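Participant: Per our numbering, residue 260 is the first one in the sequence shown, and the count goes up by one each step.
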Amino acid sequence: MDNDFDALHSEAFIETGFWGRKGAGCVVFALSTGKLLLAHRSDLVLEPNTWGTWGGAIDPKEDPKKAALRELSEETGIGAADHNRVIESYVFNSPDGGFRYHNFIVVVDEEFEPDLNWESQGSDWVAPDDLPADLHPGLAAFMSSDIAQQQLSALVAESNGLNGVAKGGEEVDQPLSAVERFKMTLLAIDEELKQEQPRPSSLPRLGR
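#1: Taking one C-beta from the region 291-298 and one from the region 380-399 each time, how about it: are there three or more such pairs within less than 8 Å?
#2: Taking the alpha carbon of VAL415 as the point to measure from, which residue in GLY315, GLU306, ILE364 has its own alpha carbon closest?
#3: Just curious, the beta strand (DSSP E) that LYS294 is in, first and last residue?
#4: Taking the alpha-carbon positions, what's the LYS324 to GLY423 distance?
#5: Going by DSSP, what residues sit across from ILE364 in a beta bridge?
#6: Would TRP377 be called buried (16 or more neighbouring beta carbons within 10 Å of its own) or exposed?
#7: Count the other CB atoms within 10 Å of the CB of SER379; is the residue buried (16 or more) or exposed (fewer)?
#8: Going by DSSP, name the residue or residues bridged to ALA316.
#9: Using CA coordinates, which residue listed in LEU290, LYS281, CYS285, VAL286 is at the minimum distance from GLY420?
#10: Anyone know if the C-beta pair for ARG359 and VAL350 falls short of 8 Å?
#11: Out of LYS281, GLY284, ASP341, PHE288, which one is the CA nearest neighbour of ALA413?
#12: Please report the distance separating the alpha-carbon of VAL366 from that of PRO391.
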């Protein structure tokens, strides 16, 4: 069946210059670090040696989100159980209307080491404001879109809040958890009990 789909995608490429008539892909955002996981494309794909999203053509009767997550799983090994959430983002439409690409942001709690397939020669976790120079045109369009910038700014703010970082990059105090508050209460009670214990009376000196 994949060979049949490849034939359809190849036919579209001849007509439009894009692999398939519709595509979907994603970047991965780690809440623990506020960084994005990008794919360094191999020599075996279009636009080789550029940095791009994890994605590909949408198969017939496949919805964009399912296609993006399928491609992510094929190209990194990460499954649905590893996602914190999936955010629908920028949609690219070619000027002639012959191709559409749906972008998503897959949020995970922690960075991970992807299990790459032949489509990528490498990967890297990078800050949204410190992207590599050689971006795939699709990723460049995605990152410069208003919706992606708004969504990523919100995610960076969420990441900073979780990790105790203020807007200026300085660490901020985090609210204590219920367990920590309970421990502090116990320590305070213990200290009060120690202070309330009666001191032993002084004994008179015995003379000779």
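For every residue, glycine included, the Cβ atom is placed at its ideal position computed from N, Cα and C.
Here the structure is a predicted model, which is why all the values come from computation and not from measurement.
Facilitator: Reading from the atomic positions:
#1: yes
#2: On the sequence shown, position 156 is the one that residue 415 refers to. That would be ILE364, whose Cα lies nearest to the Cα of VAL415.
#3: Against the sequence shown, residue 294 aligns to sequence position 35. Taken as a continuous stretch (DSSP letters only), the beta strand (DSSP E) holding LYS294 covers 294-300.
#4: As a first step, residue 324 is located in the sequence shown; it is residue number 65 there, counting from the start. As a first step, residue 423 is located in the sequence shown; it is residue number 164 there, counting from the start. Between LYS324 and GLY423, the C-alpha separation is close to 32 Å.
#5: Counting from one through the sequence shown, the residue named residue 364 turns up at place 105. Paired residue(s): VAL286, ILE346.
#6: Counted from its first residue, the sequence shown places residue 377 at position 118. Flag for TRP377 reads exposed.
#7: The sequence position of residue 379 within the sequence shown is 120, counting from 1. Classification of SER379: buried, given that the 10 Å Cβ count is 16 or more.
#8: As a working mapping, residue 316 is identified with position 57 in the sequence shown. Partner(s): GLY282.
#9: The sequence position of residue 420 within the sequence shown is 161, counting from 1. For the residues LEU290, LYS281, CYS285, VAL286, the minimum Cα distance to GLY420 belongs to LEU290.
#10: By one-based count along the sequence shown, residue 359 stands at place 100. By one-based count along the sequence shown, residue 350 stands at place 91. Their beta carbons are under 8 Å apart, which means ARG359 touches VAL350 by this criterion.
#11: Residue 413 sits at position 154 when you count from the first residue of the sequence shown. Minimum Cα distance to ALA413 is reached at PHE288.
#12: For the purposes of this step, residue 366 is taken as residue 107 along the sequence shown, with counting starting at 1. For the purposes of this step, residue 391 is taken as residue 132 along the sequence shown, with counting starting at 1. Roughly 21 Å between the two C-alpha positions.
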